[in-house]
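Respectively, the protein sequence lines represent chains B and Z.
If you read the first sequence in this note's numbering, its first letter stands for residue 88, the second for the next number, and so on.
If you read the second sequence in this note's numbering, its first letter stands for residue 141, the second for the next number, and so on.
Cβ atoms here follow ideal geometry from the backbone N, Cα and C, with glycine treated the same way.
Inspection log for the structure reproduced underneath, given as structure tokens.
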Amino acid sequence: MYSETYEDVDVICLFLRPTEIAGPEMRPLRMRRRGVIGGDGQAFKIRKITCHWSSMRGKFRQYHYTALTETEDVYELVLDSGTMQWKLRCEM
Amino acid sequence: MKERFVSHLDMDAFFASVEQMSNPHLIGKPVIVSGDPDGRSVVSTCSYEARPYGVRSGMPLREALRKCPGVIVIQGNPEKYIHISAGILQILQQYTPFVEPFSIDEAFYELWDVDSWEEAGRIAQTIKKEIGQAFHLTGSIGIAKNKLLAKLASDLEKPDGLTMIRETDIDPLFQRLPIRDLWGVGEKAEAAMHRIGVKTIWDLRQYTEQKLQEYFGAVGMYFYHACRGWDDTPLVYTFQETEMKSMGNEYTLFRDSRRREQLLGILRFLAQKVSRRLRKAKRKGKTITVKIRFEPFQTITRARTLPMEYDSEEIIYREAQELFLKNWDGVRKIRLLGVSVSHLRKTGDWVQSHLLDDPATLHKDRLTLAKDRIQDVYGESILTWGSILASKGV
Chain B
88 MYSETYEDVD
98 VICLFLRPTE
108 IAGPEMRPLR
118 MRRRGVIGGD
128 GQAFKIRKIT
138 CHWSSMRGKF
148 RQYHYTALTE
158 TEDVYELVLD
168 SGTMQWKLRC
178 EM
Chain Z
141 MKERFVSHLD
151 MDAFFASVEQ
161 MSNPHLIGKP
171 VIVSGDPDGR
181 SVVSTCSYEA
191 RPYGVRSGMP
201 LREALRKCPG
211 VIVIQGNPEK
221 YIHISAGILQ
231 ILQQYTPFVE
241 PFSIDEAFYE
251 LWDVDSWEEA
261 GRIAQTIKKE
271 IGQAFHLTGS
281 IGIAKNKLLA
291 KLASDLEKPD
301 GLTMIRETDI
311 DPLFQRLPIR
321 DLWGVGEKAE
331 AAMHRIGVKT
341 IWDLRQYTEQ
351 KLQEYFGAVG
361 MYFYHACRGW
371 DDTPLVYTFQ
381 ETEMKSMGNE
391 YTLFRDSRRR
401 EQLLGILRFL
411 AQKVSRRLRK
421 AKRKGKTITV
431 KIRFEPFQTI
441 TRARTLPMEY
451 DSEEIIYREA
461 QELFLKNWDG
471 VRKIRLLGVS
481 VSHLRKTGDW
491 VQSHLLDDPA
501 TLHKDRLTLA
511 KDRIQDVYGE
521 SILTWGSILA
531 SKGV
């Protein structure tokens, strides 16, 4: 079920060389929900980034990733380049 | 003369496939991508799983839900689709610089250093494979000697098809293909063709150029050529600048309305959007057009050409408002409103002073520029007119 949350999350990610066509330059590997809204500080290993794209919010770029976790849940993570904060935008 | 190899790539159920790729739980399920799922939007795209139920692009969402009750409706995410579309174009540009993006999910490309159909086919297979590896998406490619036939070819075998139309294939193919499959034949043209006894593309060949012009006007000439597979339209490559002709936005109301302040708020919102886009593209326009769709589905457009070009939100709104109020009796319910500006010209960085404009308009224009600067930093939604918020019921 799609539910929008916009909660703060901690993300460990891998930075890749930006050489592949359309390939991600940054790949989230693990995420931890802080437990304020949900998840109770749970950590998830990300099995696969199923899609990624970017958008502009004013002058700041936002990087979106849809992540499939090992528990088969799908989340949309957003990194705001203005605040350099990761947010969990929604659970799909 | 060297043989041309024009290819047309058409991504399969693009928006729905992107959503299925993003969320693997949607794979194998009927999915619709639309505008606001709670509003009165139409189906933008549906997955192949929804098609056996009769769901089609352009169908009102309500009708689609009736035909396929268990379908999953997802609100489209244009930024996601644009990003992936750009990635697909990058893949094509690895093989040839001659790429024409035709829409967000379609593109033509032409291979100039290829000598055989087999080689063109091999390249198409490689492109399909690369798109699959990068995005887990499929597309269908048609290869032919021109754009008309290449587009027709990509439609023949979907999804994930690769079809070539060689010179010798044209006649037998046109003898069996219904006239509707010809590029440019829509619902109305199809009905008109049926009235004159044309069922297949081939049937159209019995008519002379003069006869077709008599039946269909200027487009008759195009039909005369198209039914023979003739088309010498060049590709418009990505590195060639195309001239922008108009810029506009439309808004479909959640419920048909005759509430004056709501309708004027929507016009203000549209004028704001169009004028901001004009300024970003460094364009000004002199013709302002308003589109009004009344309940149930009667649509009118009314335009006014000004003595000089503008990008001012105030002027676009003022003209749009006047045109609207002149053509609305205050009683009929409105379903859709649109505002567009045409007869555009590039403005560059200089600012034209409007000697004859009243100071209040100039003052509001300065306000708009300040608003632009704030929105550039903090996003579109940070600052807006109270009348727009009121029209949304805020």
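Residue from the options whose Cα sits closest to the Cα of residue i
| i | options | result |
| --- | --- | --- |
| Phe238/Z | Val146/Z, Ala366/Z, Gly478/Z, Met448/Z | Val146/Z |
| Arg316/Z | Leu296/Z, Thr340/Z, Arg202/Z, Lys328/Z | Thr340/Z |
| Ile263/Z | Phe242/Z, Met304/Z, Ile440/Z, Cys367/Z | Met304/Z |
| Thr524/Z | Ile406/Z, Ser184/Z, Glu330/Z | Ile406/Z |
| Leu201/Z | Glu459/Z, Ile172/Z, Arg191/Z, Lys220/Z | Ile172/Z |
| Phe248/Z | Leu403/Z, Asn286/Z, Asp343/Z | Asn286/Z |
| Arg433/Z | Arg419/Z, Val479/Z, Ile456/Z | Val479/Z |
| Gly175/Z | His365/Z, Gln233/Z, Tyr193/Z, Gln215/Z | Gln215/Z |
| Arg120/B | Val98/B, Arg134/B, Phe102/B | Val98/B |
| Pro318/Z | Tyr362/Z, Gly337/Z, Ser482/Z, Asp516/Z | Gly337/Z |
| Thr170/B | Gln149/B, Ser142/B, Gly128/B, Met179/B | Gln149/B |
| Phe409/Z | Asp469/Z, Thr185/Z, Tyr221/Z, Leu529/Z | Leu529/Z |
| Ala226/Z | Ser141/B, Tyr93/B, Glu178/B | Ser141/B |
| Asp245/Z | Phe155/Z, Gln273/Z, Lys511/Z, Thr427/Z | Phe155/Z |
| Gln535/Z | Ser527/Z, Thr266/Z, Pro218/Z | Given a span of 141 to 534 for chain Z in the structure shown, any question on residue 535/Z remains unanswerable. |
| Cys186/Z | Arg180/Z, Lys486/Z, Asp152/Z, Ser397/Z | Asp152/Z |
| Ala345/Z | Glu462/Z, Glu327/Z, Gly369/Z | The residue you asked about is not Ala; residue 345/Z is Arg in the sequence shown. Per the Cα distances, Gly369/Z. |
| Met143/B | Tyr518/Z, Leu507/Z, Leu446/Z | Tyr518/Z |
| His365/Z | Gln353/Z, Val376/Z, Arg191/Z | Gln353/Z |
| Asn389/Z | Ile456/Z, Asp396/Z, Leu446/Z, Val359/Z | Ile456/Z |
| Phe275/Z | Lys220/Z, Ile283/Z, Ala329/Z, Pro312/Z | Lys220/Z |
| Arg180/Z | Leu205/Z, Tyr193/Z, Asp295/Z, Arg191/Z | Leu205/Z |
| Lys473/Z | Gly360/Z, Val414/Z, Arg398/Z | Arg398/Z |
| Asn467/Z | Tyr391/Z, Val481/Z, Glu159/Z, Ile440/Z | Ile440/Z |
| Met179/B | Asp167/B, Glu159/B, Ser168/B | Glu159/B |
| His223/Z | Val183/Z, Gln515/Z, Lys268/Z, Val158/Z | Val158/Z |
| Lys385/Z | Thr427/Z, Val359/Z, Tyr377/Z | Thr427/Z |
| Leu393/Z | Asp255/Z, Val182/Z, Leu166/Z | Val182/Z |
| Gly526/Z | Gln412/Z, Gly470/Z, Lys268/Z | Gln412/Z |
| Val481/Z | Glu330/Z, Lys431/Z, Gln515/Z | Lys431/Z |
| Asp516/Z | Lys146/B, Asp167/B, Ser168/B | Lys146/B |
Test item: CB-CB of residue i and residue j under 9 Å
| i | j | result |
| --- | --- | --- |
| Gly279/Z | Asp253/Z | no |
| Gly168/Z | Glu143/Z | no |
| Val213/Z | Pro241/Z | no |
| Leu149/Z | Ile228/Z | yes |
| Arg417/Z | Met387/Z | yes |
| Lys132/B | Arg117/B | yes |
| Glu435/Z | Arg475/Z | yes |
| Thr429/Z | Arg442/Z | yes |
| Tyr347/Z | Ala332/Z | no |
| Lys424/Z | Leu509/Z | no |
| Leu477/Z | Leu403/Z | yes |
| Trp342/Z | Asp311/Z | yes |
| Arg306/Z | Ala284/Z | yes |
| Leu302/Z | Gly261/Z | yes |
Expected contact under 8 Å - CB spacing of residue i and residue j to nearest Å
| i | j | result |
| --- | --- | --- |
| Leu292/Z | Trp323/Z | 6 Å |
| Thr153/B | Val161/B | 6 Å |
| Glu157/B | Arg176/B | With a Cβ gap of about 20 Å, Glu157/B and Arg176/B do not count as contacting. |
| Lys504/Z | Glu454/Z | 4 Å |
| Ile231/Z | Glu270/Z | 5 Å |
| Ser162/Z | Cys138/B | 4 Å |
| Leu155/B | Lys135/B | 5 Å |
| Pro170/Z | Cys208/Z | 5 Å |
| Thr487/Z | Lys422/Z | 5 Å |
Chain A within 9 Å of residue i, Cβ atoms only
| i | result |
| --- | --- |
| Met179/B | Of the chains in the structure shown, none is chain A; the protein chains are B and Z. |
Whole alpha helix (DSSP H) runs in the region 277 to 344 of chain Z with 4 or more residues, listed along the chain?
287 to 296, 310 to 316, 327 to 335
Using a Cβ-Cβ cut-off of less than 7 Å, give me the residues of the region 136 to 149 of chain B that come near chain Z, in sequence order.
Thr137, Cys138, Trp140, Ser141, Ser142, Arg144, Gly145, Lys146
For the region 223 to 240 of chain Z, which residues have a beta carbon sitting closer than 9 Å to at least one beta carbon of chain B?
His223, Ile224, Ala226, Gly227, Ile228, Gln230, Ile231, Gln234
Short of 9 Å Cβ to Cβ, which residues in the region 161 to 195 of chain Z face chain B?
Listed by position, the residues of the region 161 to 195 of chain Z near chain B (Cβ gap below 9 Å) are Met161, Ser162, Asn163, Pro164, His165, Leu166.
In chain order, which beta strand (DSSP E) runs of at least 3 residues are fully inside the region 367 to 423 of chain Z?
386 to 397
Short-range partners of chain B found in the region 196 to 216 of chain Z, where Cβ spacing is below 7 Å:
none
At 3 residues or longer, what runs of the beta strand (DSSP E) sit wholly inside the region 423 to 466 of chain Z?
423 to 434, 438 to 450
Can you give me, in chain order, the residues of the region 152 to 168 of chain B that have a beta carbon less than 7 Å from any beta carbon in chain Z?
Thr153, Leu155, Val161
Note down, one range per segment and in chain order, each alpha helix (DSSP H) of at least 4 residues found wholly within the region 167 to 208 of chain Z.
201 to 207
Counting only Cβ-Cβ distances shorter than 7 Å, please list the residues of the region 251 to 285 of chain Z near chain B, keeping chain order.
Within the region 251 to 285 of chain Z, the residues whose Cβ lies closer than 7 Å to some Cβ of chain B are Ala274, Phe275, listed in chain order.
Residues in the region 426 to 458 of chain Z having any Cβ partner in chain B nearer than 9 Å:
none
Identify each residue in the region 496 to 516 of chain Z for which the Cβ-Cβ distance to at least one residue of chain B is less than 9 Å, and report them in chain order.
Ile514, Gln515, Asp516
Cβ-based contacts, 7 Å cut-off: residues of the region 288 to 322 of chain Z near chain B:
Listed by position along the chain: nothing, the set is empty.
Listed in chain order, which residues of the region 341 to 365 of chain Z have Cβ atoms closer than 7 Å to some Cβ of chain B?
none
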